[in-house]
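K.L.:
Shown below is the structure under consideration.
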Amino acid sequence: MAGKIINIYFKEGSSVKKGDLLVKINDAELQAQLAKAKYNLKLLEDREHRQRVLLEREAISQEDYDVSLNELNVVKADIELVKAQVAKTEIRAPFDGVIGLKNVSEGSFVNTETIIATLQDINPIKIDFSIPEKYSGSVKVGDQIRFKVVGKDETYTGKVYAIEPKIDPQTRTLKLRAVYSNAARSILPGSFADVELILHEIQGALMVPTYSIIPELKGQKVFLYRNGKAFPQNVEIGIRTDTRVQITNGLAENDTLITSGILQIRPNSPVTISELN
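Read in order, the letters of the sequence shown are residues 353 to 629 in this note's numbering.
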């Protein structure tokens, strides 16, 4: 509905409920039309009543009565039409959410294309991400994800609730959508997230930093700290994450793994420990 804003009822950055009145557009002309139509309605109701009495007494024809009845129904329809137009001058929240900054002010002229403010439903929020095609058969609705957002140290958990039914032919990836409750509203829509999809968990898995692994022609090795020296140790690896690698064979409990300066280390070279984790 095009018109001039006469009232703005919301506070920028506040929470609103579905149906809350946000903005009122001037409806003076429509109210005048409605008042006129209601006045005509009263006149035509009286006329229809008189015509009905005359019809029952056979003082007028059915056609004469039908004319008055049709005129009454037309006015009733006109009233409903004007009421619908009046309702369009009341802009209400379509859903619960948090409303953003105002793009208009009282007295502004708006139309159906004017963006008054943005309304975001941030509880819950949805997280869109993609996985390589080779993992498409391993994921299902209900799988758990862990994710972090830029600017926050906290790790959040969510669940996959929808999966795209096709592979993207350009990227050879599968798009997934997860949901997180966001009850505290600490995450804003549009935030960038690093997502970790948990396909399966291995209890007691030994994970080491990726950068501690040294690739070789016949496999991988690491350097262990033993009696003040660097000791090379061949290892077998399993699954990987972005930052860690599973060691399936080659390391024992209480082994001390060297994780820094490994490119300069040679077997049996002396090592000084500066930090032990």
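Beta carbons are placed, not taken as given, at the ideal position from N, Cα and C, and that holds for glycine.
Starting from the C-beta of R524, find all residues in its chain whose C-beta is less than 8 Å away, skip the five residues before and the five after it, and write them out in chain order.
P.N.:
Numbered from its first residue, the sequence shown carries residue 524 at position 172. Answer for R524: P484, E485, listed in chain order.
K.L.:
Go ahead and label I467 buried or exposed: buried means 16 or more other beta carbons lie within 10 angstroms of its beta carbon, across all protein chains shown.
P.N.:
Counting from 1 along the sequence shown, the entry for residue 467 is found at position 115. I467 is exposed by the Cβ-count criterion.
K.L.:
Restricting to Cα atoms, I'd like to know which of G613, K518, T593 is closest to I566.
P.N.:
Sequence index remark: in the sequence shown, residue 566 carries index 214 (1-based). Residue G613 is the option with its Cα nearest to I566.
K.L.:
Take P541 as the anchor and find which of Y577, Q472, D416, V587 has the nearest alpha-carbon.
P.N.:
Mapped onto the sequence shown, residue 541 falls at position 189. Closest by alpha carbon: Q472.
K.L.:
How big is the Cα-Cα spacing for R592 and I550?
P.N.:
Indexing the sequence shown from 1 puts residue 592 at position 240. Indexing the sequence shown from 1 puts residue 550 at position 198. Computed Cα separation, rounded: 12 Å.
K.L.:
Pairing CB atoms from the region 412 to 431 with CB atoms from the region 393 to 400, are three or more of them under 8 Å?
P.N.:
Touching, yes, given that three or more Cβ pairs across the two stretches are closer than 8 Å.
K.L.:
Would a C-beta distance cut-off of 7 Å place G478 and V547 closer than the cut-off?
P.N.:
Counting from one through the sequence shown, the residue named residue 478 turns up at place 126. Counting from one through the sequence shown, the residue named residue 547 turns up at place 195. One detail in the question is off: residue 478 reads as Lys in this sequence, not Gly. Their beta carbons are not under 7 Å apart, which means K478 does not touch V547 by this criterion.
K.L.:
Rounding to the nearest angstrom, what Cα-Cα distance links S564 and I443 in this structure?
P.N.:
Position 212 of the sequence shown holds residue 564. Position 91 of the sequence shown holds residue 443. Taking the straight line joining both Cα atoms gives about 60 Å.
K.L.:
Taking Cβ positions, are V493 and A545 nearer each other than 7 Å?
P.N.:
The sequence position of residue 493 within the sequence shown is 141, counting from 1. The sequence position of residue 545 within the sequence shown is 193, counting from 1. Not in contact: V493 and A545 (Cβ atoms no closer than 7 Å).
K.L.:
In this structure, does DSSP put V623 in helix, strand or coil?
P.N.:
Here residue 623 refers to the residue found at position 271 of the sequence shown. Residue state, collapsed to three classes: coil.
K.L.:
Comparing C-alpha positions only, which one of A604, V587, A380 sits nearest to V574?
P.N.:
Position 222 of the sequence shown, counted from the start, is the residue given in the question as residue 574. Nearest of A604, V587, A380 to V574, Cα basis: V587.
K.L.:
My parser needs the beta strand (DSSP E) runs of 3 or more residues fully inside the region 385 to 468; what are they?
P.N.:
Counting whole runs of 3 or more residues, the region 385 to 468 contains the beta strand (DSSP E) stretches 442 to 444, 449 to 451.
K.L.:
Under 7 Å between the Cβ atoms of F499 and Y508?
P.N.:
To locate residue 499, count along the sequence shown from 1; it is residue 147. To locate residue 508, count along the sequence shown from 1; it is residue 156. Against a cut-off of 7 Å, the Cβ pair of Y508 and F499 comes out as a contact.
K.L.:
Cβ atoms of I360 and E465: under 7 Å apart, would you say?
P.N.:
Start at 1 with the first residue of the sequence shown, and residue 465 comes out as number 113. Start at 1 with the first residue of the sequence shown, and residue 360 comes out as number 8. Taking 7 Å as the Cβ cut-off, E465 and I360 do not qualify as a contacting pair.
K.L.:
Does the distance from the CB of V450 to the CB of S543 come in under 7 Å?
P.N.:
In the sequence shown, counting from the first residue as 1, residue 450 sits at position 98. In the sequence shown, counting from the first residue as 1, residue 543 sits at position 191. The answer is no: Cβ separation not under 7 Å.
K.L.:
Below 8 Å CB to CB, which residues in the same chain sit around G571 once its five sequence neighbours on both sides are set aside?
P.N.:
Here residue 571 corresponds to residue number 219 of the sequence shown, with the count starting at 1. Cβ neighbours of G571 beyond the five flanking positions: N586, V587, E588.
K.L.:
Near S533, what residues of its chain come up, given a Cβ to Cβ distance below 6 Å and the 5 sequence neighbours on each side ignored?
P.N.:
Walking along the sequence shown from the start, residue 533 turns up at place 181. So the list reads P476, once near-sequence residues are dropped.
K.L.:
How long is the line joining the alpha carbons of V427 and D495, rounded to whole angstroms?
P.N.:
The sequence position of residue 427 within the sequence shown is 75, counting from 1. The sequence position of residue 495 within the sequence shown is 143, counting from 1. Going by the C-alpha atoms only, they are around 59 Å apart.
K.L.:
For A582, tell me which candidate among A439, E605, L609, L433 has the shortest Cα-Cα distance.
P.N.:
As a first step, residue 582 must be located in the sequence shown, where it is residue number 230. A582 has its Cα closest to that of L609, out of A439, E605, L609, L433.
K.L.:
If T441 sits next to K376, beta carbons under 8 Å apart, how far is it from one beta carbon to the other, in whole angstroms?
P.N.:
Along the sequence shown, one-based indexing puts residue 441 at 89. Along the sequence shown, one-based indexing puts residue 376 at 24. With 8 Å as the limit, T441 and K376 qualify as a contact, their Cβ atoms being about 6 Å apart.
K.L.:
Mind checking who N586 pairs with in its DSSP beta bridge?
P.N.:
Counted from its first residue, the sequence shown places residue 586 at position 234. For N586, which the question treats as bridged, DSSP gives the partners K573.
K.L.:
Using the three-state DSSP reduction, which class does T611 fall into: helix, strand or coil?
P.N.:
The residue labelled residue 611 in the question sits at position 259 within the sequence shown. If DSSP states are grouped into helix, strand and coil, T611 belongs with coil.
K.L.:
Rounded to whole angstroms, what's the CA-CA distance from M353 to D448? Just pull it up for me.
P.N.:
Residue mapping note: residue 353 aligns to position 1 of the sequence shown, counting from 1. Residue mapping note: residue 448 aligns to position 96 of the sequence shown, counting from 1. So the alpha carbons of these two residues sit roughly 22 Å apart.
K.L.:
Candidates S490, I474, N392, L393: which alpha carbon is nearest K369's?
P.N.:
Along the sequence shown, read from residue 1 onward, the residue named residue 369 stands at position 17. The residue with the shortest Cα to Cα distance from K369 is I474.
K.L.:
Taking the alpha-carbon of G356 as reference, which of I431, V456, Q414 has the nearest alpha-carbon?
P.N.:
As a first step, residue 356 must be located in the sequence shown, where it is residue number 4. One detail in the question is off: residue 356 reads as Lys in this sequence, not Gly. With distances taken between Cα atoms, K356 lies closest to V456.
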